[in-house]
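Engineer: So that we are looking at the same thing, I have put the structure below in structure tokens.
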Amino acid sequence: MSEIVDPQRRGFLTRFSKPVSAIRQAPEVTPREQPRPPCAVDEALFTRLCDGCGLCQSACPNGVIEIQDGLAKINLDYNECSLCKQCVVACNADALHDSINIAIDLQPTFSQACNNYLQIECNQCQQLCPQAAILVEEDELPSLDKAKCTGCGQCCSHCYIGVITMQFVP
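Counting from 1 along the sequence shown, just add 892 to a position and that's the residue number in our numbering.
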């Protein structure tokens, strides 16, 4: 006995299978709750893997990793991250993994008290940015190329008048 296939039914099923397969292909990304050290895995996985042991904190030569609420967090208030990956090497829990993008979820913002904006020549942040992510034009606030910025904080720690702050961008 041969079975008759209804072409309209086949089209109906195909129409609904395409969005489902697209969802399967797009990785789900959980927004960060805190700025994490370089090479941190997705936030949902990070909060499960990081056991707050402090090995990354001890390995950090710049002292910018702290343990808060049992999880590693990066704090660039007093120093910059050199992106040396010593924290990644020290992490036994695989919450920091070398295959993950090194960028930190922080970006500099520039106050209107910037010397260059006040017509006092200064381009210290531009010169010291290892990624060439900052552009300083005469008498203007510095501009940031967000695609190049790794969030390391070198611009902030070298601004001698303290007009650069690092903002968390989840």
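Using N, Cα and C, we set each Cβ at its ideal position, and we do this for glycine too.
What do you reckon, is the C-beta of E925 under 7 Å from a heavy atom of the ligand SAM?
Structural biologist: Looking for the ligand SAM in the displayed structure turns up nothing, as the structure carries no ligands at all.
Engineer: Below 7 Å CB to CB, which residues in the same chain sit around C976 once its five sequence neighbours on both sides are set aside?
Structural biologist: As a position in the sequence shown, residue 976 is number 84, starting the count at 1. Hits under 7 Å: P953.
Engineer: Does A964 come out as helix, strand or coil in the three-state DSSP assignment?
Structural biologist: Counting from 1 along the sequence shown, the entry for residue 964 is found at position 72. Note: A964 maps to strand in three-state DSSP.
Engineer: At the level of alpha carbons, what is the spacing between E1029 and E972?
Structural biologist: The residue labelled residue 1029 in the question sits at position 137 within the sequence shown. The residue labelled residue 972 in the question sits at position 80 within the sequence shown. Going from the Cα of E1029 to the Cα of E972 covers about 24 Å.
Engineer: Can a CB atom of chain C be found closer than 8 Å to the CB of Q999?
Structural biologist: The chain inventory of the structure shown lacks chain C, comprising one protein chain alone.
Engineer: If I'm right that D1031 touches Y1052 with Cβ under 8 Å, what's the distance once you round it to whole angstroms?
Structural biologist: Stepping through the sequence shown from its first residue, residue 1031 is reached at position 139. Stepping through the sequence shown from its first residue, residue 1052 is reached at position 160. Not really, about 19 Å apart at Cβ, beyond 8 Å.
Engineer: Who are the Cβ neighbours of A936 in its own chain at under 6 Å, not counting the five residues just before and after it?
Structural biologist: Here residue 936 is taken as the residue at index 44 of the sequence shown, counted from 1. Correct list, in chain order: T922.
Engineer: Taking D1037 as the reference, give the member of C1048, Q1018, G1054 with the closest Cα.
Structural biologist: The residue given as residue 1037 occupies position 145 in the sequence shown. Ranking C1048, Q1018, G1054 by Cα distance to D1037 puts Q1018 first.
Engineer: So L937 is in the alpha helix (DSSP H); what residue range does that whole segment cover?
Structural biologist: By one-based count along the sequence shown, residue 937 stands at place 45. That run of the alpha helix (DSSP H) goes 935 to 941.
Engineer: Comparing alpha-carbon positions, which option in P1034, M1058, H1050, G1054 lies nearest T1042?
Structural biologist: Numbered from its first residue, the sequence shown carries residue 1042 at position 150. Of the listed residues, the one whose Cα sits closest to T1042 is M1058.
Engineer: Assuming Q1018 is part of the beta strand (DSSP E), what are its boundary residues?
Structural biologist: Residue mapping note: residue 1018 aligns to position 126 of the sequence shown, counting from 1. Note, Q1018: premise wrong, no beta strand (DSSP E); alpha helix (DSSP H) at 1016 to 1020.
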